[in-house]
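Okay, so here's the structure we're looking at.
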Amino acid sequence: MKTEDLTSTEKTEKSIKKVLQKHRLSGNCHMITFQLEFEILEIQNKESLSSVITDLNIIMEPTEYSELSEFVSRAEERRDLLMFFRSLRFFVEWCDYRKHTFQHLKDKYPEIVHLPEGAASSCMGVRSACQPGFELVVVWRMHMEEEGKVFPKLDLLPKVPQQALELDQHHVLETAPLRFRTLLGVLGIEAALESLITSLCPADNQVPANTQVCDFIPRKQLPASREKPRL
């Protein structure tokens with residue numbers, strides 16, 4: 029930490045003292061290394077002492093989580109150290125949980141589940157083994173509210189040939205995203221994804237009817253701030 033007395037360099041009232049503190053610290057969270065550089069301006073008069081962060085710069089080593097850069101940019105823009113420390117842990121834990129879930133489903137259904145950008149990406153493709161060209165894409169992003177609260181947000185994007193859309197008289201494909209959100213609210217993330225995959229599995233690859241979700245999803249600890257996904 030370095031300090032600089034601004035009282036003598038600025039035209040201020042004699043009863044007001046200004047001190048600029050320059051801090052630099054480093055740390056890590058779940059194997060993600062970061063370095064913070066920030067400035068705090070302290071203003072003291074006869075009655076009170078106040079402080080405000082005037083500059084914040086966050087330096088992070090490259091990671092496999094692309095959304096992390098958005099999270100860092102928001103913290104820098106708001107100059108909010110508390111939000112950064114409070115949210116980083118939950119953000120990374122949710123990303124680890126998503127990666128673990130995607131990789132498990134890929135290992136269990138290698139012919140149906142596709143991860144074009146790897147397990148750490150936000151997208152998982154589910155392709156029909158019986159209908160070439162038919163694919164459902166799950167987009168699983170991490171959303172952060174203004175106060176720094178982190179929660180998962182999942183959407184379903186059908187990718188089908190134009191001919192299939194023309195034959196879909198009951199608008200099943202059109203309503204698929206909404207039905208998927210309803211399924212998420214009822215079953216939760218793991219069971220909803222499993223249900224989606226098995227609906228496109230050939231009969232000989234189906235999971236036995238009496239199999240429970242807890243039988244095939246390894247019990248990796250969920251983030252402490254786990255909530256139902258926002259719809």
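Counting the sequence shown from 1 gives a position; this note's numbering is that position plus 28.
Yeah, the Cβ is synthetic: ideal placement off N, Cα and C, and Gly gets one too.
A quick note: this is a predicted structure, and the numbers were derived from the prediction, not measured.
My assumption, with CB atoms under 8 Å, is that residue i sits in contact with residue j. Please give the rounded CB distance.
i    : j    : result
L346 : I225 : There is no way to answer for residue 346, as the model of the chain reaches only from 29 to 259.
H51  : D124 : H51 to D124, Cβ: 29 Å. No contact.
S115 : V178 : 6 Å
V166 : L221 : 7 Å
I140 : R155 : 6 Å
Using the C-alpha atoms, what's the distance from residue j back to residue i?
i    : j    : result
D108 : F130 : 32 Å
L206 : F113 : 35 Å
S43  : D83  : 25 Å
N233 : F208 : Residue confidence is low: N233 scores 47 on pLDDT, short of 50, so the model does not pin down where it sits. No coordinate-derived value is stated.
K30  : S54  : 16 Å
S97  : E65  : 17 Å
E121 : R102 : 19 Å
I217 : D135 : 18 Å
T203 : Q49  : 56 Å
S223 : P180 : 19 Å
K46  : P186 : 59 Å
E105 : M111 : 12 Å
H171 : K74  : 44 Å
S150 : Q72  : 48 Å
L34  : R169 : 44 Å
F119 : G146 : 19 Å
C242 : H128 : Annotation note: pLDDT 34 at C242 (below 50); position unreliable, coordinate value reported separately. Between C242 and H128, the C-alpha separation is close to 15 Å.
E32  : L215 : 57 Å
H142 : S76  : 60 Å
A219 : T91  : 28 Å
E174 : R117 : 16 Å
Please state the DSSP three-state secondary structure of residue i.
i    : result
P236 : Only weak support exists for where P236 lies, its pLDDT of 43 falling under 50; the value from the coordinates is given anyway. Here P236 sits in coil by DSSP.
F112 : helix
S76  : coil
L48  : strand
S156 : coil
E105 : helix
F130 : helix
K177 : coil
G213 : helix
V120 : helix
E139 : coil
E89  : coil
S54  : strand
E65  : strand
E95  : coil
P205 : helix
Are residue i and residue j closer than 9 Å when you measure CB to CB?
i    : j    : result
V100 : I86  : yes
I160 : G153 : One detail in the question is off: residue 160 reads as Pro in this sequence, not Ile. No. Outside cutoff.
F62  : E89  : yes
S78  : E67  : no
L5   : L164 : Past the boundaries of the shown model lies residue 5; the chain is included only from 29 to 259, so the question cannot be answered.
A157 : Y93  : no
Cβ of residue i less than 9 Å from any chain B Cβ?
i    : result
P138 : The chain inventory of the structure shown lacks chain B, comprising one protein chain alone.
Taking the beta strand (DSSP E) that residue i falls in, what are its first and last residues?
i    : result
E305 : Residue 305 cannot be examined here, being either before or after the span of the chain that is shown, 29 to 259.
H171 : 163 to 172
Taking the alpha helix (DSSP H) that residue i belongs to, which residues open and close that run?
i    : result
E222 : 217 to 226
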